[in-house]
Amino acid sequence: MARNVLGGELQTCGTDPMTGFYRTGCCDTGGEDAGVHTVCAQVTAEFLEFSVERGNDLSTPRPEYGFAGLRPGDRWCVCADRWVEALAAGVAPPVVLEATHARTLDWVDLDDLRAHAVQAT
Numbered sequence: 001m002a003r004n005v006l007g008g009e010l011q012t013c014g015t016d017p018m019t020g021f022y023r024t025g026c027c028d029t030g031g032e033d034a035g036v037h038t039v040c041a042q043v044t045a046e047f048l049e050f051s052v053e054r055g056n057d058l059s060t061p062r063p064e065y066g067f068a069g070l071r072p073g074d075r076w077c078v079c080a081d082r083w084v085e086a087l088a089a090g091v092a093p094p095v096v097l098e099a100t101h102a103r104t105l106d107w108v109d110l111d112d113l114r115a116h117a118v119q120a121t
């Protein structure tokens, strides 16, 4: 059973759109997840713009991959290192702690995550 950053069972991040490296709705990770998609983020317009600037366009639909593109407010499993970059740039999106994988703590301090936390729904 995967654990979240609070030590509990990892909760679902989002299913509309379906997120997660394994597209299960959870920010679970494994050896094949080189990007470490473990932070359950509620994306903002500022973060989506920042991501484009970093070479990862999450807004544009890619129907060939079944990806409709993200809009502000969508929940998405973000790479831990990208969230840290966004934090340093002042555009870190809110996170759902209960749905953020414990492995995230290898990159991010829990206090920083708590400072950006939103309620799970």
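Numbering of the sequence shown is given in the UniProt record's numbering, commencing with residue 1 and proceeding in unit increments.
Glycine included, every Cβ here is placed at the ideal spot set by N, Cα and C.
Starting from the C-beta of residue i, find all residues in its chain whose C-beta is less than 6 angstroms away, skip the five residues before and the five after it, and write them out in chain order.
{"i": "residue 54", "result": "none"}
Following the continuous alpha helix (DSSP H) through residue i, name the residue where it begins and the one where it ends.
{"i": "residue 88", "result": "80-89"}
Looking only at its own chain, which residues have a Cβ that is under 8 angstroms from the Cβ of residue i, when we skip the five neighbours before and after it?
{"i": "residue 3", "result": "9, 10, 101, 102"}
{"i": "residue 62", "result": "69"}
{"i": "residue 117", "result": "94, 95, 96, 97"}
{"i": "residue 52", "result": "58, 59"}
Measuring CA to CA, which of the options is closest to residue i?
{"i": "residue 38", "options": "112, 69, 95", "result": "95"}
{"i": "residue 97", "options": "34, 75, 82, 89", "result": "75"}
{"i": "residue 82", "options": "48, 25, 19, 110", "result": "48"}
{"i": "residue 79", "options": "42, 6, 115", "result": "42"}
{"i": "residue 91", "options": "73, 50, 108, 110", "result": "50"}
{"i": "residue 15", "options": "119, 45, 40", "result": "40"}
{"i": "residue 44", "options": "110, 73, 119", "result": "73"}
Determine the DSSP secondary structure at residue i, reduced to helix, strand or coil.
{"i": "residue 114", "result": "helix"}
{"i": "residue 3", "result": "strand"}
{"i": "residue 43", "result": "coil"}
{"i": "residue 98", "result": "helix"}
{"i": "residue 15", "result": "strand"}
Kindly list the residues whose CB is nearer than 7 angstroms to the CB of residue i, restricted to its own chain and excluding five residues on each side of it in sequence; keep chain order.
{"i": "residue 87", "result": "112"}
{"i": "residue 105", "result": "5"}
{"i": "residue 29", "result": "21, 36, 37, 38, 101, 103"}
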